[in-house]
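Undergrad: Residue numbers (this note's numbering): 458 to 930. Take this structure, written in structure tokens, and hold onto it; I'll ask about it next.
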RNA sequence: GGGGCCGUAGGGUAGCCUGGUGAUCCUCUCGGCUUUGGGAGCCGGUGACCCGAGUUCAAAUCUCGGCGGCCCCA
């Protein structure tokens, strides 16, 4: 059993998802996939970090999955953006429903009618909640596990309500900081980009997105933050009474992250051997492999058990299986186990273990007496920094600063083009003839991209800022 | 939105054009012997022609429809 090379990303992704037991892709409905237990453990570890970040400022809630047609259709722009991909429930048993029910494509129209009831006066604000739910979209393009789904199983969506535009805008900045913390934790490099007008969330004043770059040079949107202004508040009559006795429409934000964060985690860090996981989100963090020879089993097993006992605060396993050691190495590398110890008769005699990290091929000896929690956490930290650095280097190979529309067109099949662009809509739209999508303008420049924010628009020459264009998932 | 290709054991494949053999090979899995510092070896076993209709003496193979997957172009 061996994976296709990651050079052939599409094939590699499909295989690793299945053989590393993230998702079972064999469910007989297009765009729906099954979480294997191992994949679900990764999901749980990743989402518990996301929860930890959200819980600092939000309350977790749950709203129904079904939305009456009358509410879903209220906000004109919003429904236009989703109407072609809504699943409808039309019958209860064999009785046609008076009002059709939509399976939520996103939850604004489920939540905001209730916000109208929850928000009465200025003391009720700001209101900040989030939920982690499934959502449904009838995707017509080809679907991909964790990336393009008909059922998004793990949509973390936050919704906030504020007094005015400025306060909501302040919160947008905070939301961006939350998401940065989350992706830094996963060692996933990202670009924070303001979407062009024609690509913002339907009903939003503006949209800021997190994009990362996949190994084939296409970008993956892994988070969005929307300023909704008072667009939805006016539709759903979310008003509050101010201290002066006047009633004002509230301003809102919403922002979301889906299981695409796990697609990014797998794709950005993985290699030809399989998954490479940051220590904190690895379902198995440490594996101990005994190397047994006839007559010497006892000393080796004793040493192994000693290590396992010392490290019991981690998710550690002792692989006592019948396979030969080499087969075990490949097996656990596929699963992305960050730290491995091997102990054979020679090592047991010397009181050492042979350690190695998933992201490096080097092996080194460590005295069993020196192994403790602090040492492991040190390793985990170093590994995260190394993962981030090597991910960034690989991504930089897929990013190029281009100086003309022609150069952009030549490059876009390879990766992301970066350039200065003015805010004239025609300039931006003309660039999409290159075959990519205009991601928008950098909200902030990543440290790893070196380019002045101000410059001349590569289309018309007038004053512009740094923008990016790429083929997207 | 438009076009093309494909569906054979748990996974990957040969056979299909030109209809007829016990449906090929690898892997996985199960039992046995043996082995163990980077995917060991031998023996034996389980397991498949996507669904439906049609053509035919006979369909994995030809035709149509459905479902599912992949790729390219806009």
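Glycine included, each C-beta is placed from N, C-alpha and C at the ideal position. It should be emphasised that the depicted structure is a prediction, and the values quoted were computed from it without experimental measurement.
Given that a residue counts as buried once 16 or more other Cβ atoms are within 10 Å of its Cβ, and exposed if not, what is residue 892?
TA: Classification for residue 892: exposed.
Undergrad: Taking just the CA atoms, how far does residue 701 sit from residue 579?
TA: The alpha-carbon atoms of residue 579 and residue 701 are separated by roughly 10 Å.
Undergrad: Would you identify the three-state DSSP class for residue 730, choosing helix, strand or coil?
TA: It is coil, neither helix nor strand.
Undergrad: Would you check if the distance between the CB atom of residue 704 and the CB atom of residue 690 is smaller than 8 Å?
TA: Cβ distance not < 8 Å, so residue 704 and residue 690 don't count as in contact.
Undergrad: The ligand COA and residue 603: does the residue's C-beta get closer than 7 Å to at least one heavy atom of that ligand?
TA: By its list of ligands, the structure shown contains no ligand whatsoever, and the ligand COA lies outside what it can speak to.
Undergrad: Would you call the CB atoms of residue 802 and residue 756 closer than 8 Å?
TA: It is a contact, given that the beta carbons lie within the stated cut-off.
Undergrad: Using DSSP with H/G/I as helix, E/B as strand and the rest coil, what is residue 897?
TA: Looking at residue 897 - three-state DSSP - the assignment turns out to be strand.
Undergrad: Does DSSP put residue 687 in a helix, a strand or coil?
TA: Three-state result, residue 687: coil.
Undergrad: Taking the alpha-carbon positions, what's the residue 880 to residue 661 distance?
TA: If I take the Cα positions, the gap works out to 18 Å.
Undergrad: Which parts of the stretch 813 to 879 are runs of the alpha helix (DSSP H), unbroken and 4 residues or longer, counting only runs that do not cross its ends?
TA: Fully enclosed alpha helix (DSSP H) runs of 4 or longer: 830 to 853 and 862 to 868.
Undergrad: Counting C-beta neighbours from all protein chains within 10 Å, is the total for residue 414 16 or more, i.e. buried, or is it exposed?
TA: Residue coverage of the chain in this structure runs from 458 to 930, which leaves residue 414 outside it and unanswerable.
Undergrad: Round the Cβ separation of residue 646 and residue 845 to the nearest angstrom and send it over; I've been treating them as touching at under 8 Å.
TA: Right, the Cβ-Cβ distance comes to about 7 Å (below 8 Å), so this counts as a contact.
Undergrad: I'd like the ranges of any alpha helix (DSSP H) spanning at least 4 consecutive residues and lying wholly in the stretch 478 to 532.
TA: If we require 4 residues or more, the alpha helix (DSSP H) runs fully inside the stretch 478 to 532 come out as 494 to 512 and 526 to 529.
Undergrad: Have a look at 614, 692 and 908 and flag the residue whose alpha-carbon is nearest the alpha-carbon of residue 713.
TA: Here the closest residue by C-alpha is 614.
Undergrad: Measure the C-alpha to C-alpha separation of residue 831 and residue 851 and round it to an integer number of angstroms.
TA: The straight-line gap from Cα to Cα measures roughly 30 Å.
Undergrad: On the CB-based measure, 16 or more other CB atoms within 10 Å of its CB, does residue 861 come out buried or exposed?
TA: Looking at its Cβ environment, which holds fewer than 16 other Cβ atoms inside 10 Å, residue 861 is exposed.
Undergrad: Which partner residues does residue 552 have in the DSSP bridge list?
TA: Paired residues: 549.
Undergrad: What residues in its chain sit with their C-beta under 6 Å from that of residue 871, if we drop five residues either side in the sequence?
TA: Contacts found: 674.
Undergrad: Fully enclosed by the stretch 659 to 717, which beta strand (DSSP E) runs are 3 residues long or longer?
TA: Those beta strand (DSSP E) runs which fall completely within the stretch 659 to 717 and span 3+ residues are 663 to 670, 676 to 686, 696 to 698, 704 to 706 and 708 to 714.
Undergrad: Rounded to the nearest angstrom, what separates residue 930 and residue 604 at their Cα positions?
TA: Looking at the two C-alpha atoms, the distance is approximately 7 Å.
Undergrad: DSSP puts residue 796 in a beta bridge; with which residues?
TA: According to DSSP, which records beta bridges pairwise, residue 796 is partnered with 743 and 814.
Undergrad: Just list the residues that DSSP pairs residue 539 with in beta bridges.
TA: For residue 539, which the question treats as bridged, DSSP gives no partner whatsoever.
Undergrad: Excluding sequence positions up to five away, which residues of its chain have a Cβ less than 7 Å from the Cβ of residue 694?
TA: Cβ within range, chain order: 573.
Undergrad: When the Cα atoms are used, what is the spatial distance from residue 684 to residue 541?
TA: Rounded to whole angstroms, residue 684 to residue 541 spans 24 Å at the Cα level.
Undergrad: Within 10 Å of its beta-carbon, does residue 576 have 16 or more other beta-carbons around it, so buried, or fewer, so exposed?
TA: Flag for residue 576 reads buried.
Undergrad: Does the stretch 499 to 508 come within contact of the stretch 732 to 749, defined as at least 3 CB pairs closer than 8 Å?
TA: Yes: at least three Cβ pairs fall under 8 Å.
Undergrad: Can you find the residues in the same chain that come closer than 6 Å, C-beta to C-beta, to residue 530, ignoring five residues on each side of it along the sequence?
TA: 536.
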